[in-house]
Amino acid sequence: MIKLNNLSTNLKHVTVEYIDIVNYEIARENICGYIFLLSRISKNAESIEKMQMESKIQDLIYYRDNLQIEDKDNIQKVLNTLIPEYQAEQNNHTAKKN
């Protein structure tokens, strides 16, 4: 799981372009999707695995609630690291179902 830096830092006076808005929305949408996926998976998980998933869910909720549109570095971390992790988890879950 990635760790995002300085999520509560005041980022005023940072120029935001249209691509930054799009990337921010993609990042948030995927964070929300990952939260939903882990919530569904954790319902049937063993207790230790369930605790790990719930911890990851709490981290993701924190990221979702505190990620700012001006925070380009952390948005790139989500796009480059968290989204592939989410997609791999999604594929793994789909493979287990079949």
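The sequence shown begins at 42 in our numbering and counts up by one.
We treat Cβ as the ideally placed atom computed from N, Cα and C, and that holds for glycine.
Check	Outcome
The region 83-98 in contact with the region 109-123 per 3-pair CB rule at 8 Å	no
Close Cβ partners of residue 108 (< 8 Å) along its chain, the five nearest in sequence each way excluded	45, 48, 65, 68, 69, 72, 115, 116, 119
Test item: CB-CB of residue 127 and residue 59 under 8 Å	no
Where the alpha helix (DSSP H) through residue 84 begins and ends	Element bounds for residue 84: n/a, residue is neither H nor E.
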